[in-house]
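Inspection log for the structure reproduced underneath, given as structure tokens.
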Ligand SMILES: [Cu+2]
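Numbering (this note's numbering), first residue to last: 257 to 580.
In structure tokens form, the structure reads like this:
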């Protein structure tokens with residue numbers, strides 16, 4: 257009986273505590289793929305017991321490499337460097353140390369105000385999916401501090417550290433959903449803040465006029481937009497979406513392109529957003545690789561290999577590619 261009452265009370269209290277998420281220091285985006293750029297946006301929603309924050313210290317986790325903080329007007333920025341437990345392969349250069357702590361100080365963030373502090377880095381490709389990387393954060397005020405340094409993972413502690421859950425990064429590894437039928441895709445391509453991964457297409461019957469292209473775009477930075485695509489093997493390449501028109505699923509071109517939200521991931525997949533190769537000049541053959549050039553508003557242009565899978569590659573339930 258005691259337990260019952262306590263349990264219910266506890267749930268109520270936790271429910272209330274979880275409501276205003278801004279009461280804790282938190283990360284704007286709490287999940288990111290391994291091997292990709294990540295923009296840690298630490299959100300500060302109040303001071304220390306009513307007092308203004310004059311210093312913010314953020315410790316960086318092992319596994320978050322090549323970190324660079326964003327300066328803030330009015331604040332003095334300092335970094336503390338230290339060794340990495342595991343060296344980081346930065347495009348062929350081994351980095352054995354880097355920034356491990358970032359300190360902003362010398363301004364005042366009032367208790368009534370809200371602000372964001374940003375650190376950009378890369379999540380190590382070898383960090384196991386499901387790992388939580390913690391960014392222990394301390395706010396210092398005139399007569400005290402608010403600390404967000406508990407890394408136990410418990411939701412019941414009063415001072416949880418901001419945490420980032422690492423998701424599987426590389427195509428073909430650790431996908432494990434079984435919903436992508438033989439989507440044998442090429443490896444990830446990094447373009448600025450964008451990580452393009454899992455690019456594939458499907459074999460076409462001889463004489464087929466069109467084919468689809470699919471990939472996942474993870475954005476570790478500010479909002480961007482896929483504005484154009486082109487391929488040698490097609491007369492024309494468009495960016496499409498599937499949408500219900502009355503009872504019928506039809507595809508249509510996205511004339512403005514496809515927005516890639518800040519810190520978000522957009523999946524182009526059968527039955528959803530896709531690249532549409534039209535006026536095919538040759539059939540796509542299973543086992544081969546074709547290249548598509550993608551143009552992003554901010555990140556620029558990149559050539560991405562698409563592995564050609566079987567005709568039903570990536571098929572999911574309800575994948576009626578209607579409207580052809
Ligand atoms: Cu289409």
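Don't be surprised by glycine CBs; every beta carbon is placed ideally from N, CA and C.
Exercise. Counting only runs of 3+ residues fully inside the segment 327-387, write out the beta strand (DSSP E) ranges in chain order.
Key: 332-346, 349-365, 371-379
Quiz item: Is residue 468 near ligand 1, in the sense that its beta carbon is under 7 angstroms from a heavy atom of that ligand?
Solution: yes
Exercise. Have a look at 473, 333, 323 and flag the residue whose alpha-carbon is nearest the alpha-carbon of residue 482.
Key: 473
Quiz prompt | Per-residue burial, residue 354 [other beta carbons within 10 Å of its own, 16 or more giving buried] | solution = Classification for residue 354: buried.
Quiz prompt | Per DSSP, cross-strand counterpart(s) of residue 405 | solution = Its beta-bridge partners do not exist; DSSP assigns none.
Self-check item: Pairwise C-alpha distance: residue 510 and residue 447
Solution: 22 angstroms
Quiz item: Out of curiosity, what's the CA-to-CA distance linking residue 422 and residue 462?
Solution: 42 angstroms
Self-check item: Opposing strand residues paired with residue 547 [DSSP bridges]
Solution: 561
Quiz item: Is any heavy atom of ligand 1 found at a distance shorter than 7 angstroms from the C-beta of residue 532?
Solution: yes
Exercise. For the beta strand (DSSP E) holding residue 321, just list the boundary residues, first then last.
Key: If you look at residue 321, you'll find it in the beta strand (DSSP E) that goes 320-325.
Exercise. Quick one: measure Cβ to Cβ for residue 359 and residue 311, integer angstroms, because I've assumed they're closer than 8 angstroms.
Key: 7 angstroms
Quiz prompt | residue 507 beta carbon near ligand 1 (any heavy atom closer than 7 angstroms) | solution = yes
Quiz item: Looking only at C-alpha atoms, which of 404, 365, 415, 467 sits nearest to residue 541?
Solution: 467
Quiz prompt | Separation of residue 287 from residue 383, as counted between CA atoms | solution = 13 angstroms
Practice problem: Assign residue 366 to buried or exposed, taking buried as 16 or more other Cβ atoms, counted over all protein chains shown, within 10 Å of its Cβ. | Solution: exposed
Quiz item: Is DSSP giving residue 566 helix, strand or coil here?
Solution: coil
Practice problem: Report yes or no: do the segment 391-404 and the segment 291-300 share at least 3 C-beta pairs separated by less than 8 angstroms? | Solution: yes
Exercise. Return the bridge partner residues of residue 423 from the DSSP annotation.
Key: 289
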